[in-house]
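J.: First the structure, then my questions, so here it is.
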Amino acid sequence: MIAPSAACIAMLVCLTLPAGALAAKLSANVHGTDGKPLPNAVVVAVPEDGRLPPLSKTVEVVDQIDKEFVPYVKPVRAGSYLKFPNKDNIRHHVYSFSPPKRFELPLYSGTPTEPVLFDKPGIVKLGCNIHDWMLGYVYVAETPYFGKSAGEGRVELDQLPPGRYQVRVWHPRMQGPEDATVQRVELRDDAPTRVEWTLKLNPEYRPPRTRLPGEPGYR
Amino acid sequence: MVMGFTAASRLLACWLCCVLALFSADARSEWGFDASGGFAYDDNLSNAFEADERKGDTAAVIDLTGGYRQQLGTSTALALSLIGSSQSYLHYTGLSNIGLGARALLRTKFGLGAEAPWLALSAQAVYHNYHDDNLDGWSYEAGATLGKRFGERLTVSGSVRYDAYVANSTPPVLVPGLSGSPYDVYGWNLGVQARFLATDADLVSVSYTWRTGTVTSVTEPDLEVLEYSDRVARTDIFGSPEIAYRINANTQTIGIAWSHTLGEHTAFNVAYAYRRSQADSELGAYYANVISVTFSYSY
């Protein structure tokens, strides 16, 4: 009988360990030039070896509540489906002209039966043809490793396979291209890797929701 | 006066019933409410040609609009609203009035998206109660506005509008051949407006309006003004016996306004307008400066 080598034993141990035991963690902080943390920033990690887990069919949701898109920024993986339920008791007319996904959901209330497929990576700007001030974004990522910052401007990505990654950030109001934010990092399973971005922001111009004196308004 | 206001109330109650009947059955219609309140100063309320006859005053102003909006199709909507307004002058209280009326607005968009051009057709009737039989009456407006947003920051619109005021009663004849209420005025208005988002919270708008029609000028008895008037009447609206003359004039108004968004539903507005009316005759011109500061709220 041949005794197993140390390498074989190590391989067997690795294979029998739970997946999390080999997981690495990325901790990102995003803030503006004024030092304030930035919510609604999307942090994306792309493995340099190009290996990605297979896509499982997922259906995500962007609501319409009080004549606003909720959430304002929705990150999804390319190949995901999105539903746009209308939680208001009026009708909305959702559309996008963005090249990664041009679509239109004409006047509807409730939830359209067919979800919309977002299969091309990129940024999809959402609007409502009835309420011009409504604005929302779907960030379609080419990788499943992404997250969105909340009020404290932090994104924690865990359960990532260790290895080398290109990480980047996107924000609806950021100045400059998203590619300019790319950082190369090595993620290890022994300690979280920390990254940080300081973004210069543009104003966000929306038609006023308030009817101004002397204007016909939208109603 | 009381009879007129009661009649107006009944008419508006009928209108309200129609609105409710039309829209309450459809849960998808959209209820809306706009309110604005503040102060407005006009340095020539009397529309006087002579500098020493100009009368300026400040009014507390409130405007309320509420009603239903029904989307008729993918690009067209009809809104029926009730209008309430109040102007309370600090000094010339005879000009203080409350108004109650209704408005219909049909708005259509030519295409998809925030930059698609739109057309708004509107008509409104408001009854004004001045507590003065000669001044109480109905104001009417009907018009069309065509607008388009260019990029994220600029919106340009042009409008044509007809306005008329019809007083309830006719004052006693002062000059034979010039009978009728001098407060019955009408005019056609052509206007353009540009609105620019200076920041994400500050909107600056500039406007120009040209109006041709009749105006009411209140002065001391003036034979020159009388010569070009088609209606005259005695009035003490400014506290002393004077004459109200109706004359033909072309009025140009240049306005600039700043609106600062305070939240999703609220804005603070400051506006200035310069108004110059050129009489159709050799009477010359009068002018006015109007400044207003208001808060507005939309739900």
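As given, the protein sequences belong to chains A and B, one line each in that order. Here numbering that gives the first Met the number 0 is used: the first residue of the first sequence is 0, the next is one more, and so on. Here numbering that gives the first Met the number 0 is used: the first residue of the second sequence is 0, the next is one more, and so on. Backbone N, C-alpha and C define an ideal beta-carbon position, used for all residues, glycine too. Values in this document were obtained by computation on a predicted structure and should not be read as measured data.
1) Quick one: using the 10 Å Cβ neighbour count with 16 as the cut-off for buried, is ASN201 (chain A) buried or exposed?
2) Thinking C-alpha only, which one of A:ALA149, A:THR142, A:TRP169 and A:ARG153 is nearest PRO160 (chain A)?
3) Determine, for ASN128 (chain A), whether the minimum Cβ-Cβ distance to residues of chain B falls below 7 Å.
4) Please state whether DSSP places ALA24 (chain B) in a helix, a strand or coil.
5) Check whether chain A comes within 7 Å of ALA24 (chain B), counting only Cβ atoms and requiring the distance to be less than that.
6) In terms of DSSP beta bridges, what is TRP187 (chain B) paired with?
7) Can you find a C-beta in chain A that's less than 7 Å from the C-beta of LEU134 (chain B)?
8) Anything in chain A within Cβ reach of TYR305 (chain B), meaning under 7 Å, just list it in chain order.
9) If you draw a straight line from the C-alpha of ALA24 (chain B) to the C-alpha of TYR296 (chain B), how long is it?
10) What are the residues of the region 51 to 71 of chain A that lie near chain B, defined by any Cβ-Cβ distance shorter than 7 Å?
11) So, does the CB of LEU189 (chain B) fall closer than 7 Å to a CB anywhere in chain A?
12) Taking a Cβ distance cut-off of 7 Å, strictly less, list which residues of the region 83 to 116 of chain A are near chain B, in chain order.
13) Just to make sure I have the definition right: I need the residues of chain A whose C-beta is within less than 7 Å of the C-beta of GLU223 (chain B). Which are they?
14) Can you find the residues in the same chain that come closer than 7 Å, C-beta to C-beta, to GLY212 (chain B), ignoring five residues on each side of it along the sequence?
15) Per DSSP, which residues does MET173 (chain A) bridge with? Please list them.
16) On the DSSP bridge assignment, give the partners of PHE109 (chain B) in chain order.
17) Determine, using beta carbons only, whether ALA20 (chain A) comes closer than 7 Å to chain B.
18) Specify the secondary structure class of ALA200 (chain B) as computed by DSSP and reduced to three states.
19) Which whole-angstrom value describes the C-beta separation of SER206 (chain B) and ALA248 (chain B), a residue pair presumed to lie in contact below a C-beta threshold of 8 Å?
20) Rounding to the nearest angstrom, what Cα-Cα distance links PRO111 (chain A) and ILE89 (chain A) in this structure?
21) Is DSSP giving LEU37 (chain A) helix, strand or coil here?
22) Since ASP41 (chain B) sits in a beta bridge, which residues does DSSP pair it with?
23) Could you tell me the distance, in whole angstroms, from the CA atom of GLU52 (chain B) to the CA atom of PRO171 (chain B)?
24) Return helix, strand or coil for GLY31 (chain A), following the three-state DSSP convention.
25) Let me see if you follow: with CB-CB separation under 7 Å, is GLU203 (chain A) close to chain B or not?
26) With a 10 Å radius around its C-beta and 16 neighbouring C-beta atoms as the bar for buried, classify VAL12 (chain A) as buried or exposed.
27) Who are the near neighbours of HIS92 (chain A) in its chain, counting only those whose CB is closer than 8 Å to its CB and skipping five residues on each side?
28) Around the Cβ of TYR285 (chain B), are there at least 16 other Cβ atoms within 10 angstroms (buried) or fewer (exposed)?
29) Which one of B:THR265, B:PRO181 and B:VAL155 has the shortest CA to CA distance from ALA163 (chain B)?
30) How would you write the range of the alpha helix (DSSP H) that LEU225 (chain B) sits in, first residue to last?
31) Checking contacts by CB at 7 Å: is ALA266 (chain B) closer than that to chain A?
32) Where do the ends of the beta strand (DSSP E) carrying LEU116 (chain A) lie?
33) Just to confirm before moving on: does the CB-CB distance between VAL165 (chain B) and LEU189 (chain B) stay below 7 Å?
34) Alpha carbon to alpha carbon, what distance is there between ASP229 (chain B) and GLY238 (chain B)?
35) Cβ of GLU263 (chain B) within 7 Å of Cβ of ARG50 (chain A)?
T.: Judging by the given coordinates:
1) Residue numbering aside, residue 201 (chain A) sits at position 202 when the first sequence is read from its first letter. ASN201 (chain A) comes out exposed.
2) Counting from one through the first sequence, the residue named residue 160 (chain A) turns up at place 161. Nearest C-alpha to PRO160 (chain A): A:THR142.
3) The residue you call residue 128 (chain A) lines up with position 129 of the first sequence. Interface residue, yes.
4) Taking the second sequence and counting its residues from 1, the one referred to as residue 24 (chain B) is at position 25. Bear in mind that the predicted position of ALA24 (chain B) carries a pLDDT of just 48, short of 50, making it unreliable; the figure below should be weighed with that in mind. ALA24 (chain B) falls in the coil class under three-state DSSP.
5) The residue given as residue 24 (chain B) occupies position 25 in the second sequence. Only weak support is given to the placement of ALA24 (chain B): the predicted model assigns it a pLDDT of 48, under 50, and the question is left unresolved by the model.
6) As a first step, residue 187 (chain B) must be located in the second sequence, where it is residue number 188. Answer is B:TYR161 and B:THR211.
7) Reading the second sequence from its first residue, position 135 is the one you call residue 134 (chain B). No, LEU134 (chain B) lies away from the interface with chain A (no Cβ there is under 7 Å from its Cβ).
8) Residue numbering for chain B in the displayed model covers 0 to 298; residue 305 (chain B) lies beyond these limits and cannot be assessed.
9) The residue given as residue 24 (chain B) occupies position 25 in the second sequence. The residue given as residue 296 (chain B) occupies position 297 in the second sequence. Bear in mind that the predicted position of ALA24 (chain B) carries a pLDDT of just 48, short of 50, making it unreliable; the figure below should be weighed with that in mind. Whole-angstrom Cα-Cα distance: 27 Å.
10) none
11) As a first step, residue 189 (chain B) is located in the second sequence; it is residue number 190 there, counting from the start. No, because no Cβ of chain A sits closer than 7 Å to the Cβ of LEU189 (chain B).
12) ASN88, ILE89, ARG90, HIS92, TYR94, PHE96, GLU103, PRO105, LEU106 and SER108
13) Taking the second sequence and counting its residues from 1, the one referred to as residue 223 (chain B) is at position 224. Chain A residues near GLU223 (chain B): none, gap ~34 Å exceeds 7 Å.
14) Taking the second sequence and counting its residues from 1, the one referred to as residue 212 (chain B) is at position 213. So the list reads VAL184, TYR185, GLY186 and TRP187, once near-sequence residues are dropped.
15) Working through the first sequence from its first residue, we reach residue 173 (chain A) at position 174. For MET173 (chain A), which the question treats as bridged, DSSP gives the partners A:LEU200.
16) Walking along the second sequence from the start, residue 109 (chain B) turns up at place 110. Answer by DSSP bridge pairing: none, since PHE109 (chain B) is not bridged.
17) Taking the first residue of the first sequence as 1, we reach residue 20 (chain A) at position 21. Interpretation of ALA20 (chain A) is limited by its pLDDT of 48, a score under 50 that renders its predicted location unreliable; the figure taken from the coordinates is listed afterwards. Chain B contact via Cβ: absent.
18) Numbered from 1 along the second sequence, position 201 holds the residue referred to as residue 200 (chain B). Residue state, collapsed to three classes: coil.
19) Within the second sequence, numbered from 1, the residue matching residue 206 (chain B) stands at position 207. Within the second sequence, numbered from 1, the residue matching residue 248 (chain B) stands at position 249. Going by Cβ atoms, the distance from SER206 (chain B) to ALA248 (chain B) rounds to 19 Å, so no, they are not a contact pair.
20) Within the first sequence, residue 111 (chain A) is the residue found at index 112, counting from 1. Within the first sequence, residue 89 (chain A) is the residue found at index 90, counting from 1. The alpha-carbon atoms of PRO111 (chain A) and ILE89 (chain A) are separated by roughly 14 Å.
21) Within the first sequence, residue 37 (chain A) is the residue found at index 38, counting from 1. Coil at LEU37 (chain A), not helix or strand.
22) Residue numbering aside, residue 41 (chain B) sits at position 42 when the second sequence is read from its first letter. The partner list for ASP41 (chain B) (beta bridge, DSSP) reads B:ASP56 and B:VAL289.
23) In the second sequence, the residue the question calls residue 52 (chain B) occupies position 53. In the second sequence, the residue the question calls residue 171 (chain B) occupies position 172. Rounded to whole angstroms, GLU52 (chain B) to PRO171 (chain B) spans 24 Å at the Cα level.
24) Here residue 31 (chain A) is taken as the residue at index 32 of the first sequence, counted from 1. Strand at GLY31 (chain A).
25) Position 204 of the first sequence, counted from the start, is the residue given in the question as residue 203 (chain A). It does: the Cβ of GLU203 (chain A) has a partner Cβ on chain B nearer than 7 Å.
26) The sequence position of residue 12 (chain A) within the first sequence is 13, counting from 1. The predicted position of VAL12 (chain A) is uncertain, since its pLDDT is 40 and thus under 50; no value can be drawn from it.
27) Within the first sequence, numbered from 1, the residue matching residue 92 (chain A) stands at position 93. For HIS92 (chain A), where only same-chain residues beyond five positions count, the Cβ hits under 8 Å are GLU103, LEU104, PRO105, LEU106, TYR107, CYS127, ASN128 and ILE129.
28) Your numbering for residue 285 (chain B) matches position 286 in the second sequence. Classification for TYR285 (chain B): buried.
29) Stepping through the second sequence from its first residue, residue 163 (chain B) is reached at position 164. Among B:THR265, B:PRO181 and B:VAL155, the Cα nearest to that of ALA163 (chain B) is on B:PRO181.
30) In the second sequence, the residue the question calls residue 225 (chain B) occupies position 226. Taken as a continuous stretch (DSSP letters only), the alpha helix (DSSP H) holding LEU225 (chain B) covers 222 to 226.
31) What you label residue 266 (chain B) is simply residue 267 of the second sequence in a count that begins at 1. Cβ-Cβ to chain A under 7 Å: yes for ALA266 (chain B).
32) What you label residue 116 (chain A) is simply residue 117 of the first sequence in a count that begins at 1. It spans 115 to 117 - the beta strand (DSSP E) in which LEU116 (chain A) sits, taken as one unbroken run.
33) Start at 1 with the first residue of the second sequence, and residue 165 (chain B) comes out as number 166. Start at 1 with the first residue of the second sequence, and residue 189 (chain B) comes out as number 190. Not a contact, by the Cβ cut-off of 7 Å.
34) Position 239 of the second sequence, counted from the first residue, corresponds to residue 238 (chain B). Position 230 of the second sequence, counted from the first residue, corresponds to residue 229 (chain B). The alpha-carbon atoms of GLY238 (chain B) and ASP229 (chain B) are separated by roughly 24 Å.
35) Translated into positions along the second sequence, residue 263 (chain B) becomes position 264. Translated into positions along the first sequence, residue 50 (chain A) becomes position 51. No, they are not a contact pair.
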